[in-house]
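Engineer: Structure incoming, see below.
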Amino acid sequence: MELRHFLRLLWRRRRLLFWVFAPIFFSLAVLALIAEPQYVATAKVFLGHSPNKASLLAQLTLDATTQNAATLTEAERDSYEALANTALVLRPLVDEEHLTRKRKSLQILELVPFVRGIIDNSWPRFGRRDLTYEELSNRSLVHTVFPRPYIKAAMAEDADLLEFTALAESMDKAITLANAAARSFMARETAMRREECRAMAQAAANALPRARADYEKRLAIESAVRRREKAVDLSQEAEEIVTRYFLLAGDRDANRLALLKARAMADNVAAQLSRRPEMHKATATKQLSNDITALKMTLRDLYLDLAGAKTRLTAAHPAVKEIEAKIALAKGLLKNEELKVFGSETASMDQTFRFLHERLAAYTADRAGYKAQDAAYATLLAELDKTVQAYPGRTAAVALASAQAEAAQTFLLSLNQLHTAADLGQHLNLSLARMAQPASMPDKIDEYRSPRLSFMLALGVALGVFLALAAALVAEYVDAAATRPGALATAGSARLPTIPLGEAEARTQSLRRLREALFPESGTDPHRLLVTAPGREAAEASRELALGLATALARSGRRTVLADTALGNDALAALAGIAPTPGLADVLAGETSLEAAIAPRGQKELFLLPPGTPPASPEDADRLLDGPRLDAALTRLSKAYDVVILCAAPVADSGDALRLARSADAVLLAVTPGRTPRPVLAEGAARLQTASGGATRVVYCDAPETASSHLRKCKALYDRIARKTGARGEIL
């Protein structure tokens, strides 16, 4: 679309643009002025791995590799952000800070000027109620009109900083909320670490008596065997088998420690979820899940294959790597099944439940993997035990007893270390979070005010302009009206010069150009011109076109008569300033002569044949125009005048134009831009072309509403009232 066409479109749709832009702009401006202001404060918490805590955390957590990393992983960032927005962190703020909110009825009342200040100063507790965790952590568009305290935690994009953003009715309150939320998060993160250490210490303490008893039993067996059988040297093959047994036993014991950690972590999370109804629903469904059972069996078989492959192949062998990849895939599928169970059985959108059940699903998948691996180690150790038994009795007994005692000792030492570390962790601050930047009073408070007037005005301008332009383009697209001169040339129709009827000088010159286009110096001049409109919306434009063209022809010296064939409608006579007199209807009815009905216009060589006395009914008007006297009258007019201009009713309203088109030398179709529908224009032009047998010329009549056009309408209306009431007067 060219720029000039776009600007013309905007001018044509200026009213629509205004009525779309103005409500949006002024609504946002008024909202910024009368809405209760809120202030924004931000506290920042740094999350980082401490070298002093890394060694202890590596012994306690399942994933020890992340503890030595310089920055947080994406999984850790997501976990900390989810934890910061849970009820575990934010709900204590509601009770500690005694948070309240104003009722919506009071906030509506406070939109009245000065009411908010009076209530806040005189009755600060009036119309308030306790704030809930859901209201504190959720925000919507309604929050702009009905503000309330709000807190949101989010990780910074380029740093391991957790930002707590608080909105409140005063800057002091916002600072207090932001700092309190940061402290609550650090306290909760520390408490979670200690709860994990407590659960780990409890699990290790429960396993220690059994491990100690097993070690003492194995040690006693080894001593008894050595006393009975005496120690002997083993062959090289026997030493390799015993070494393999010892290594597998060590791997089994390490796996048992990991299984112990996974069970402790899962039990700790499950205890937090045990009081929630969603957990009970999900647990019942999980017990009936065949997919989870099948995946656990698959894990057991894969770990058995892996352990067997490691006894024959190196850790870097492709076969070993392939089995490890399958194990990782199976554990991922198991975790997804756990999430599916916990997620599909509840409609809860609580972030606390989502955070906890994701952790539980991960620990459950790890526990299943370690349990399957433990079963695989037990199978392999049993096979090695049978192999050792194949050697001579003394050799097998001493070697097996020594390996079993050493493995039991190693497991007992590892379990003791785990218990000591977990017990120590309960009394240490293992939190990774520390306050980096507490919220404080800014230098320019207005920059932290919401909503800001400048921002709302800019938003109103941007949103208003966008929606106004969109509305204008949509209206232009769906509007069936012809808008540009180029779009008016229908099939078989020619477009003549545009007539700006609202401007006197431009209108006169355009009518002169139209006259020269219709009556060139060489060629046959048309004696009869029919001027009409395709629809009622362009009827006034067609009358102004007919009168203006007749005036232009008379000024050129041509003897011109303008006949108004719209019987019963004296709008053309009123436009020409002629009082109602007998006219064409009286001539066709035989009540007056043609010469007596023609009235001079005042302009030399210009005459007007008014419509005359209105017929009693539309049927009578049709009968007069369809009768033979019309052709005779037109023939006499053609002989007496150089040019006869016939102004007919619109094509869509009457068949008069089609009747007159058969006897006209040229047909002019007046069209008003932006108002004449394209289908109506095309249909009218096609009908006139069929009736006249020649091309229909389309005239683009750009007629804006001006003061003069309004005055003419008022004068015509006054004349009609005066004729009916008999009043006399004059409108200037």
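Each residue of the sequence shown is one higher than the one before, counting from 4 in the working numbering.
Here a beta-carbon is modelled for each residue, glycine too, at the ideal position from N, C-alpha and C.
Does the segment 617-626 come into contact with the segment 563-579, if we say contact requires no fewer than three beta-carbon pairs (one atom in each stretch) closer than 8 Å?
Structural biologist: Counting C-beta pairs closer than 8 Å gives three or more between the segment 617-626 and the segment 563-579, which meets the contact rule.
Engineer: Between A688 and L672, how many whole angstroms is the CB-CB distance? I'm expecting something under 8 Å.
Structural biologist: Along the sequence shown, read from residue 1 onward, the residue named residue 688 stands at position 685. Along the sequence shown, read from residue 1 onward, the residue named residue 672 stands at position 669. Confirmed, Cβ separation roughly 6 Å.
Engineer: Give, in chain order, every unbroken run of the beta strand (DSSP E) that is at least 3 residues long and sits entirely within the segment 588-646.
Structural biologist: 609-612
Engineer: Counting beta carbon pairs with one atom in the segment 433-443 and one in the segment 167-179, are three or more of them shorter than 8 Å?
Structural biologist: yes
Engineer: Taking D161 and L50 to be in contact with their CB atoms under 8 Å, please state how far apart those CB atoms are, rounded to whole angstroms.
Structural biologist: Numbered from its first residue, the sequence shown carries residue 161 at position 158. Numbered from its first residue, the sequence shown carries residue 50 at position 47. Incorrect: roughly 14 Å between the Cβ atoms, too far for contact.
Engineer: Select from A185, L415, M459 and G677 the residue whose C-alpha is nearest the C-alpha of L34.
Structural biologist: Your numbering for residue 34 matches position 31 in the sequence shown. Closest option to L34, Cα to Cα, is M459.
Engineer: Let's see if you can read the secondary structure: which residues bound the beta strand (DSSP E) around K155?
Structural biologist: Within the sequence shown, numbered from 1, the residue matching residue 155 stands at position 152. K155 -> beta strand (DSSP E) spans Y153 to M158.
Engineer: Can you list the beta strand (DSSP E) stretches of 3 or more residues lying completely in the segment 14-38, in chain order?
Structural biologist: Segments of the beta strand (DSSP E) lying fully in the segment 14-38: there are none.
Engineer: Name the residue from A475, R215 and L36 whose alpha carbon lies nearest to the alpha carbon of R452.
Structural biologist: Numbered from 1 along the sequence shown, position 449 holds the residue referred to as residue 452. R452 has its Cα closest to that of L36, out of A475, R215 and L36.
Engineer: Between the C-alpha atoms of L27 and A461, what's the straight-line distance to the nearest angstrom?
Structural biologist: The residue labelled residue 27 in the question sits at position 24 within the sequence shown. The residue labelled residue 461 in the question sits at position 458 within the sequence shown. Note that residue 27 is Ile in the sequence shown here, rather than Leu. So the alpha carbons of these two residues sit roughly 11 Å apart.
Engineer: Decide if E192 is buried, meaning its Cβ has at least 16 other Cβ atoms within 10 Å, or exposed.
Structural biologist: By one-based count along the sequence shown, residue 192 stands at place 189. Classification for E192: buried.
Engineer: Going by Cα to Cα distance, which pick from L612, L521 and E409 is closest to S596?
Structural biologist: As a position in the sequence shown, residue 596 is number 593, starting the count at 1. Checking every option, the nearest Cα to that of S596 belongs to L612.
Engineer: Which residues does DSSP list as the beta-bridge partners of L472?
Structural biologist: Here residue 472 corresponds to residue number 469 of the sequence shown, with the count starting at 1. Note: L472 sits in no beta bridge, so no partner.
Engineer: Answer yes if the segment 639-657 comes into contact with the segment 534-541, meaning at least three C-beta pairs across the two stretches below 8 Å, and no otherwise.
Structural biologist: yes
Engineer: Count the other CB atoms, across all protein chains shown, that sit within 10 Å of the CB of A185; report buried if there are 16 or more and exposed otherwise.
Structural biologist: As a working mapping, residue 185 is identified with position 182 in the sequence shown. With 16 or more Cβ atoms within 10 Å of its Cβ, A185 is classed as buried.
Engineer: Hey, G580 and F24: beta-carbon distance below 8 Å or not?
Structural biologist: For this step, residue 580 is matched to residue 577 along the sequence shown. For this step, residue 24 is matched to residue 21 along the sequence shown. No.
Engineer: Can you tell me whether DSSP reads M438 as helix, strand or coil?
Structural biologist: By 1-based counting over the sequence shown, the position of residue 438 is 435. If DSSP states are grouped into helix, strand and coil, M438 belongs with the strands.
Engineer: When you compare only the Cα positions, how much space is there between A78 and R213?
Structural biologist: In the sequence shown, residue 78 corresponds to position 75, counting from 1. In the sequence shown, residue 213 corresponds to position 210, counting from 1. Their Cα atoms are separated by approximately 36 Å.
Engineer: Since R94 is in the alpha helix (DSSP H), which residue starts that stretch and which ends it?
Structural biologist: As a position in the sequence shown, residue 94 is number 91, starting the count at 1. Element bounds for R94: A90 to E99.
Engineer: Out of R604, R531, P321 and L134, state which residue places its alpha-carbon closest to the alpha-carbon of P95.
Structural biologist: Counting from 1 along the sequence shown, the entry for residue 95 is found at position 92. Of R604, R531, P321 and L134, the residue nearest in Cα terms is L134.
Engineer: Starting from D133, trace the beta strand (DSSP E) in both directions and tell me its first and last residue.
Structural biologist: By one-based count along the sequence shown, residue 133 stands at place 130. Element bounds for D133: R131 to D133.
Engineer: May I ask you to report which of helix, strand or coil DSSP gives F9?
Structural biologist: Your numbering for residue 9 matches position 6 in the sequence shown. Residue state, collapsed to three classes: helix.
Engineer: Quick check: what's the CA-CA separation for L112 versus F167?
Structural biologist: Locating residue 112 in the sequence shown gives position 109, where the first residue counts as 1. Locating residue 167 in the sequence shown gives position 164, where the first residue counts as 1. Distance between the alpha carbons of L112 and F167: 31 Å.
Engineer: Compute the Euclidean distance between the alpha carbons of L139 and A436, then round it to the nearest angstrom.
Structural biologist: Counting from one through the sequence shown, the residue named residue 139 turns up at place 136. Counting from one through the sequence shown, the residue named residue 436 turns up at place 433. Approximately 23 Å between the Cα atoms of the pair.
Engineer: Out of curiosity, what's the CA-to-CA distance linking R632 and D645?
Structural biologist: As a working mapping, residue 632 is identified with position 629 in the sequence shown. As a working mapping, residue 645 is identified with position 642 in the sequence shown. Their backbone Cα atoms lie some 21 Å apart in a straight line.
Engineer: How big is the Cα-Cα spacing for K155 and V464?
Structural biologist: Counted from its first residue, the sequence shown places residue 155 at position 152. Counted from its first residue, the sequence shown places residue 464 at position 461. Looking at the two C-alpha atoms, the distance is approximately 29 Å.
Engineer: Excluding the five sequence neighbours on either side, which residues of its own chain have a C-beta within less than 6 Å of the C-beta of Y153, listed in chain order?
Structural biologist: Taking the first residue of the sequence shown as 1, we reach residue 153 at position 150. Excluding residues within five positions, the ones whose Cβ falls inside 6 Å are R142 and L170.
Engineer: In the DSSP assignment, the alpha helix (DSSP H) including Q429 goes from what residue to what residue?
Structural biologist: Along the sequence shown, read from residue 1 onward, the residue named residue 429 stands at position 426. Taken as a continuous stretch (DSSP letters only), Q429 belongs to no alpha helix (DSSP H), as it is neither H nor E.
Engineer: Let me confirm a value: Q692 is counted as buried when at least 16 other C-beta atoms fall within 10 Å, else exposed. Which label applies?
Structural biologist: Numbered from its first residue, the sequence shown carries residue 692 at position 689. By the 10 Å Cβ count, Q692 comes out buried.
Engineer: Using DSSP with H/G/I as helix, E/B as strand and the rest coil, what is R213?
Structural biologist: Translated into the one-based positions of the sequence shown, residue 213 becomes position 210. In this structure, R213 counts as helix in the three-state DSSP scheme.
Engineer: Keeping to the same chain, check which residues put their C-beta closer than 7 Å to that of R546; ignore five residues upstream and five downstream.
Structural biologist: In the sequence shown, the residue the question calls residue 546 occupies position 543. Cβ neighbours of R546 beyond the five flanking positions: A574, L575, L578 and C650.
Engineer: Do R604 and A555 have their beta-carbon atoms positioned less than 8 Å apart in this structure?
Structural biologist: In the sequence shown, counting from the first residue as 1, residue 555 sits at position 552. In the sequence shown, counting from the first residue as 1, residue 604 sits at position 601. No, these two residues do not count as a Cβ contact at 8 Å.
Engineer: Note down, one range per segment and in chain order, each alpha helix (DSSP H) of at least 4 residues found wholly within the segment 519-562.
Structural biologist: 542-558
Engineer: In three-state terms, what does DSSP make of E138?
Structural biologist: Within the sequence shown, the letter at position 135 stands for residue 138. Three-state result, E138: helix.
Engineer: Count the other C-beta atoms from every protein chain shown that fall within 10 angstroms of the C-beta of D634, then say buried if there are 16 or more, exposed otherwise.
Structural biologist: The residue labelled residue 634 in the question sits at position 631 within the sequence shown. It counts as exposed.
Engineer: When DSSP labels each residue in this structure, what does V477 get in the three-state scheme?
Structural biologist: If you number the sequence shown from 1, residue 477 lands on position 474. V477 falls in the helix class under three-state DSSP.
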